[in-house]
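Colleague: Handing you a structure now.
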């Protein structure tokens, strides 16, 4: 039996790697999709983005993971489908083996998060675009690009940042289903195995780490609030 700290130290880098790739994927897809959907409201682009977002929300991550394994691992044989390869070891840096093992799990995990971000971004952008100062910016002759990115998008970020913080905290704490489908021994799988094995010290350690990560995510979100909106100030 290994100490609790050693087991968590082994599992944490795997969960962090999967969480970061999934989060980057979700942000890179979800926010642009939400902006396009809001700025082209009721057009074919909006309907397509909405359909894709609801499809992403409706697909269970374990089902999507199994489909990705069958297509890219079994049929096409393009990517590894199980396990984790460390980014660093004594022989150097192994970026592609590390990244290739995370592509499919990140797709399975990040799809739902991207859909959530797309819907949240669309809702926040539509509310901002209806404000008087946006109409004033257009009336002053500013280009659509400047109005969207400098005025509308930045003022829509508060609720989006909140959702991003929650998503990142959940991902950092280990995605239980995805880690089990792809046989990644991260925090989620460690927690499940510990519960099934009644290894309560590990369960307590993982839950404590989960609480710390949630507090850290909320702290970062609070800092970003003040950065995005200068009117927000934290005083004693």
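In our numbering, the protein residues as written are 3 to 238. Think of the CB as a built atom: it goes at the ideal place given N, C-alpha and C, for glycine as much as any other residue.
#1: Rounded to whole angstroms, what is the Cα-Cα separation between residue 54 and residue 113?
#2: In angstroms, rounded to a whole number, what distance separates the CA positions of residue 42 and residue 218?
#3: Would you identify the three-state DSSP class for residue 72, choosing helix, strand or coil?
#4: Would you report the Cα separation of residue 80 and residue 66, rounded to the nearest angstrom?
#5: Would the segment 143-154 and the segment 90-109 be scored as touching if the rule is three or more Cβ pairs under 8 angstroms?
#6: Less than 7 angstroms between the C-beta atoms of residue 111 and residue 24, yes or no?
#7: Looking at residue 167 and residue 223, is the spacing between their C-beta atoms short of 7 angstroms?
#8: With distances taken Cα to Cα, identify the nearest neighbour of residue 106 among 19, 128, 160, 133.
#9: How many angstroms separate the CA atom of residue 209 from the CA atom of residue 6?
#10: Go through the segment 117-166 residue by residue and report every complete run of the alpha helix (DSSP H) that reaches 4 residues or more, in order.
#11: Just list the residues that DSSP pairs residue 95 with in beta bridges.
#12: Just verifying my parser: in three-state terms, what is the DSSP assignment at residue 187?
#13: Taking the CB atoms as reference points, tell me whether residue 31 and residue 171 lie closer together than 7 angstroms.
#14: Taking the alpha carbon of residue 27 as the point to measure from, which residue in 198, 191, 130, 169 has its own alpha carbon closest?
#15: What are the boundary residues of the alpha helix (DSSP H) that residue 84 is part of?
#16: From the DSSP output, in three-state form, read off residue 224 for me.
#17: Assuming residue 12 is part of the alpha helix (DSSP H), what are its boundary residues?
Modeller: If we stick to the structure as given:
#1: 10 angstroms
#2: 36 angstroms
#3: helix
#4: 17 angstroms
#5: no
#6: yes
#7: yes
#8: 19
#9: 12 angstroms
#10: 134-141
#11: 90
#12: coil
#13: no
#14: 169
#15: Careful: residue 84 lies outside any alpha helix (DSSP H) and carries neither H nor E.
#16: helix
#17: 6-41
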